[in-house]
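Data block below; observations after.
2 protein chains.
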Amino acid sequence: MPIELTPSQALGLWHSVSLAQVRVDSRDLTLRQLAILLHIYLVPPPHTVRGLAATLGVTKPVITRALDTMGALGLVDRARDDRDRRNVVIKRTVEGALYLEKFGDLIIDQGRKQLK
Amino acid sequence: MPIELTPSQALGLWHSVSLAQVRVDSRDLTLRQLAILLHIYLVPPPHTVRGLAATLGVTKPVITRALDTMGALGLVDRARDDRDRRNVVIKRTVEGALYLEKFGDLIIDQGRKQLK
DNA sequence: CGCGAAAGAAACGCTTGCGTAACGATCCGC
DNA sequence: GCGGATCGTTACGCAAGCGTTTCTTTCGCG
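Protein chains in written order, with this note's numbering: chain B, 50 to 165; chain H, 50 to 165.
So this is what it looks like as structure tokens:
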């Protein structure tokens, strides 16, 4: 089943999801942070700071800071790579998985309401 | 045509859209700002600071600041309401409409790629 | 009038994010 | 085992966002 959206459906979906998310969660992640979080959980590991920076097209400190913030929120974790101790591998957490699961539900919910 | 998404489709769509948006636009709007912007353009006017604050479940200064920022970016405009000069009505701009149009295209694009 | 209520902005101190640049730790080829 | 390259973090000065509180303007009703 391909996803085919009209412009009004696309923006309407984004609108209702953003609104619902803002109401439900006072943590106001930036678009960058959200993109990083989703990337970590949806793309097969391993993930490194450098890799994420390249993927997002941003500098490394941006990734470090985002990981600091989301790490403090418990959404991700970090660990040194034992095979190359210069690297840091980014690890998923139960809390992060839960967060995205709820976010996914929210999208589906709003998508269902969008045109029924 | 109702929108029906699987969890993996929902998060996958958000992932690719966030990623593409981050790459394409260095303005890193917060989720709140995006929600406000979408609300202004998708819901029939008039829009006021107070109304937006109630809709988003945030305080009035949050809206004032968001409008300051997005106003400076040219995405929205403000004008006093002549019938009740305490009110400010929020106005759309050509640039803002264009911004959202491009954003909608991006969603549709990514949605199409998502499962083909 | 006059005065409280309402709307939005401005002020305050604080936190968080930014880009650039510098820094320690680690790897690797010679 | 040393010197340059690579990886992630930290430091710095700055801009932007936050919540709370305090104006300023305007309304509306007695």
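Cβ atoms here follow ideal geometry from the backbone N, Cα and C, with glycine treated the same way.
Can you list, in chain order, the residues of its chain with a C-beta nearer than 6 Å to that of B:A115? Leave out the 5 residues immediately preceding and following it.
Locating residue 115 of chain B in the first sequence gives position 66, where the first residue counts as 1. Within the same chain, B:A115 has close Cβ partners Q82 and I85.
Give every residue of the same chain whose Cβ lies closer than 7 Å to the Cβ of H:A69, excluding the five residues on either side of it in the sequence, and list them in chain order.
The count along the second sequence starts at 1 and reaches residue 69 of chain H at position 20. Cβ neighbours of H:A69 beyond the five flanking positions: L155 and Q159.
Check this for me: beta carbons of H:G153 and B:P56, under 7 Å apart or not?
Locating residue 153 of chain H in the second sequence gives position 104, counting from the first residue. Locating residue 56 of chain B in the first sequence gives position 7, counting from the first residue. Yes, these two residues count as a Cβ contact at 7 Å.
Determine, using beta carbons only, whether B:T108 comes closer than 7 Å to chain H.
Residue 108 of chain B sits at position 59 when you count from the first residue of the first sequence. By this cut-off, B:T108 is not an interface position.
Could you name the residues of the same chain whose beta carbon sits closer than 8 Å to that of B:R135, not counting the 5 residues immediately before and after it, in chain order?
One-based indexing of the first sequence puts residue 135 of chain B at position 86. Contacts found: none.
Mapping the DSSP letters down to three states, classify B:T55 as helix, strand or coil.
On the first sequence, position 6 is the one that residue 55 of chain B refers to. Coil.
Just to confirm, are B:T142 and B:G123 a CB contact at a threshold of 7 Å?
Here residue 142 of chain B refers to the residue found at position 93 of the first sequence. Here residue 123 of chain B refers to the residue found at position 74 of the first sequence. If you check the CB distance, B:T142 and B:G123 come in under 7 Å.
Can you give me the Cβ contacts of H:D126 inside the same chain, cut-off strictly under 7 Å, excluding the 5 residues immediately before and after it?
Against the second sequence, residue 126 of chain H aligns to sequence position 77. So the list reads G120, K140 and T142, once near-sequence residues are dropped.
Looking only at its chain, what residues have a beta carbon closer than 8 Å to the beta carbon of H:Y90, apart from the 5 residues adjacent to it on each side?
For the purposes of this step, residue 90 of chain H is identified with residue 41 of the second sequence, where counting begins at 1. Once the five neighbours on either side are set aside, the close Cβ partners of H:Y90 are R141, G145, A146 and L149.
Taking the Cβ atom as the reference point for each residue, do H:V98 and H:V137 lie within a distance shorter than 7 Å?
Within the second sequence, residue 98 of chain H is the residue found at index 49, counting from 1. Within the second sequence, residue 137 of chain H is the residue found at index 88, counting from 1. Cβ distance < 7 Å, so H:V98 and H:V137 count as in contact.
Apart from the five residues just before and just after H:R76, which ones in its own chain have a Cβ nearer than 8 Å to its Cβ?
Locating residue 76 of chain H in the second sequence gives position 27, where the first residue counts as 1. Counting only Cβ-Cβ distances below 8 Å, and skipping sequence neighbours, we find L122.
Alpha carbon to alpha carbon, what distance is there between B:L54 and B:I112?
As a working mapping, residue 112 of chain B is identified with position 63 in the first sequence. As a working mapping, residue 54 of chain B is identified with position 5 in the first sequence. Each residue's alpha carbon lies about 32 Å from the other.
Output, in chain order, the set of chain B residues within a Cβ distance shorter than 7 Å of H:V103.
The sequence position of residue 103 of chain H within the second sequence is 54, counting from 1. The question names Val, but residue 103 of chain H in the sequence shown is Ala. Those within 7 Å of H:A103 in chain B number zero; the least Cβ separation is about 11 Å.
On the DSSP letters alone, give me the boundaries of the alpha helix (DSSP H) that H:R81 sits inside.
As a first step, residue 81 of chain H must be located in the second sequence, where it is residue number 32. Here the alpha helix (DSSP H) through H:R81 covers L80 to L91.
Please state whether DSSP places H:D74 in a helix, a strand or coil.
Locating residue 74 of chain H in the second sequence gives position 25, where the first residue counts as 1. Coil at H:D74, not helix or strand.
Which chain H residues sit within Cβ distance under 8 Å of B:R141?
Here the question's residue 141 of chain B lines up with position 92 in the first sequence. Within 8 Å Cβ-Cβ: nothing; B:R141 doesn't reach chain H, min ~13 Å.
Could you please give the first and the last residue of the uninterrupted alpha helix (DSSP H) stretch that includes B:D154?
Taking the first residue of the first sequence as position 1, residue 154 of chain B is located at position 105. Where B:D154 is concerned, the enclosing alpha helix (DSSP H) stretches over V143 to Q163.
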